[in-house]
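**Student:** Structure incoming, see below.
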Amino acid sequence: MTSSTPDLLRPVSHTNNFDAIRIVAALAVLVSHHHALIGQFEPLVLGIHSLGGFAVLVFFVVSGYLVASSWNNDPHLIRFALRRALRIWPALTVVVVVTAYGLGVWLTSLPTMDYLQDSATSGYLSNIWLHGKAGLPGLFENNPLKGAANGSIWTIPYEVQCYVILACAGLLGALRIRTVWVLAVLVTTIWYQVKYGPDFHADWKLKREMMVYFIQGSAIAVLQPYWSKKPLLWMMVLTGTGICTWFAGFRYLALMIALPYLLIYLGTQSTPILRKFGRWGDPSYGLYLIAFPVQQTVVHFFWPSIGSTAVLALSIAITTALAYASWHGIEKRALKIKPRKP
138 MTSSTPDLLR PVSHTNNFDA IRIVAALAVL VSHHHALIGQ FEPLVLGIHS LGGFAVLVFF
198 VVSGYLVASS WNNDPHLIRF ALRRALRIWP ALTVVVVVTA YGLGVWLTSL PTMDYLQDSA
258 TSGYLSNIWL HGKAGLPGLF ENNPLKGAAN GSIWTIPYEV QCYVILACAG LLGALRIRTV
318 WVLAVLVTTI WYQVKYGPDF HADWKLKREM MVYFIQGSAI AVLQPYWSKK PLLWMMVLTG
378 TGICTWFAGF RYLALMIALP YLLIYLGTQS TPILRKFGRW GDPSYGLYLI AFPVQQTVVH
438 FFWPSIGSTA VLALSIAITT ALAYASWHGI EKRALKIKPR KP
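This note's numbering applies: residue 138 is where the sequence shown begins, and numbers increase by one.
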């Protein structure tokens, strides 16, 4: 992930396209990681981001928009924090524990007791409290990407940091001052370009870029009373500006200008096919959390004997089934107890 974590709270209305965007983004992370996990280069988007890195930015834009909208709908710190916690931690906790003490015990090359007593095994649980640990002892040692148990969940601490920053801004009343968000977008975008240059391999700076995109998504939510009056005009202006900026040699800046609004515009629409993506539930967070260990397991057993396409197809099938099980068995149940606005 390359990663995720997206705010994966479902939007208030399910007649829009946000479910489709998040599901496609989660599958894009899976496809991107597939190449890395069989020893190939990840595919690029626009020649500047890996497919997975691009998908993570999509998640952060959508997250910024939905979480800012959630705060504006109910600006109460405790309820806000509980909603975020109930969305992030139940599924994350289950995936981390099952990976460490289910998958790890099953597939480690170490004797079972040695594995269980290894400090790295218990240390893997620190992923639950957002201290990222990617590997487990003796696991996937013969895979092309050795030792990595889950290379997606490293983004979740940054997602939570964004929640904290947004909550602080909300408590200070900044989400009611639209000028603040115009300035925030300008300052963070300019700072990013000055610090890292107009063109570079952004996956190395992805964690900082994710936060910029989260701010962009939040700003779009705060400024919605303005752009919602003439959404197509804003789309043409920002897309045109992005294209001009791209050909001026500022490719990352161009993406920052055009992508966030395009995503939110698409997400707030109700397209007949896309709006039905969530009719069986929202598997996007489960797809994001579960895909990597599933893919490593499929590679462990079947690569290279059945070929790249079959490995990918099998990984998608297993991950999708488990993601829907996670939604209906864990995530949906947890969200039923989230606090409601009085």
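Ideal placement from N, C-alpha and C gives every residue a C-beta, glycine not left out.
State the DSSP-derived secondary structure class of Gly-444, mapped to helix, strand or coil.
**Tutor:** In the structure shown, Gly-444 sits in coil (DSSP, three-state: anything other than H, G, I, E or B).
**Student:** Which runs of the alpha helix (DSSP H) fall wholly inside the stretch 166-211 and span at least 4 residues, in chain order?
**Tutor:** Here the runs fully enclosed are 188-210.
**Student:** At the level of alpha carbons, what is the spacing between Thr-316 and Val-199?
**Tutor:** Distance between the alpha carbons of Thr-316 and Val-199 is about 21 Å.
**Student:** Counting pairs of beta carbons, one from the stretch 404-411 and one from the stretch 420-439, are three or more of them closer than 8 Å?
**Tutor:** No: the two stretches stay apart, fewer than three of their Cβ pairs being nearer than 8 Å.
**Student:** Whole angstroms is fine: what's the gap from Gly-201's alpha carbon to Asp-251's?
**Tutor:** Roughly 43 Å separates the two Cα atoms.
**Student:** What residue range does the alpha helix (DSSP H) around Ile-352 cover?
**Tutor:** Here the alpha helix (DSSP H) through Ile-352 covers 343-359.
**Student:** For the putative contact between Ile-290 and Asn-264, defined by C-beta atoms under 8 Å, what is the C-beta separation to the nearest angstrom?
**Tutor:** Yes, they are in contact, since the Cβ atoms of Ile-290 and Asn-264 sit about 6 Å apart, within 8 Å.
**Student:** To which residues of the same chain is Ala-462 closer than 8 Å at the C-beta, ignoring the five residues directly before and after it?
**Tutor:** Cβ within range, chain order: Gly-423.
**Student:** Thinking C-alpha only, which one of Gly-307, Ile-453, Gly-379 is nearest Ile-160?
**Tutor:** The shortest C-alpha separation from Ile-160 is found at Ile-453.
**Student:** To which residues does DSSP link Gly-260 through a beta bridge?
**Tutor:** Note: Gly-260 sits in no beta bridge, so no partner.
**Student:** Would you list, in sequence order, the uninterrupted alpha helix (DSSP H) runs of no fewer than 4 residues that lie entirely inside the stretch 221-297?
**Tutor:** Those alpha helix (DSSP H) runs which fall completely within the stretch 221-297 and span 4+ residues are 241-244, 249-254, 256-260.
**Student:** When burial is assigned at 16 or more other CB atoms within 10 Å of the CB, is His-268 buried or exposed?
**Tutor:** Exposed, since its Cβ has fewer than 16 Cβ neighbours within 10 Å.
**Student:** What span of residues does the alpha helix (DSSP H) with Leu-472 cover, start to end?
**Tutor:** Its alpha helix (DSSP H) spans residues 469-472.
**Student:** DSSP three-state call for Ser-421: helix, strand or coil?
**Tutor:** Three-state result, Ser-421: helix.
**Student:** When you compare each of Ala-162, Arg-416, Gln-298, Phe-197 to Ala-428 by their alpha carbons, which one comes out closest?
**Tutor:** When only C-alpha atoms are compared, the closest one is Ala-162.
**Student:** Closer than 7 Å by C-beta to Ala-460: which residues in its own chain qualify, once you throw out the five before and the five after it? Chain order, please.
**Tutor:** The residues are Pro-420, Gly-423, Leu-424, Ile-427.
**Student:** Could you please give the first and the last residue of the uninterrupted alpha helix (DSSP H) stretch that includes Gly-415?
**Tutor:** No alpha helix (DSSP H) contains Gly-415, which DSSP labels as neither H nor E.
**Student:** So, helix, strand or coil for Ala-462, using DSSP?
**Tutor:** Ala-462: helix per DSSP, three-state reduction.
**Student:** Report the residue from Ile-380, Pro-274, Lys-270, Cys-305 whose alpha carbon sits nearest the alpha carbon of Gln-254.
**Tutor:** If we check each option's Cα against that of Gln-254, Pro-274 comes out closest.
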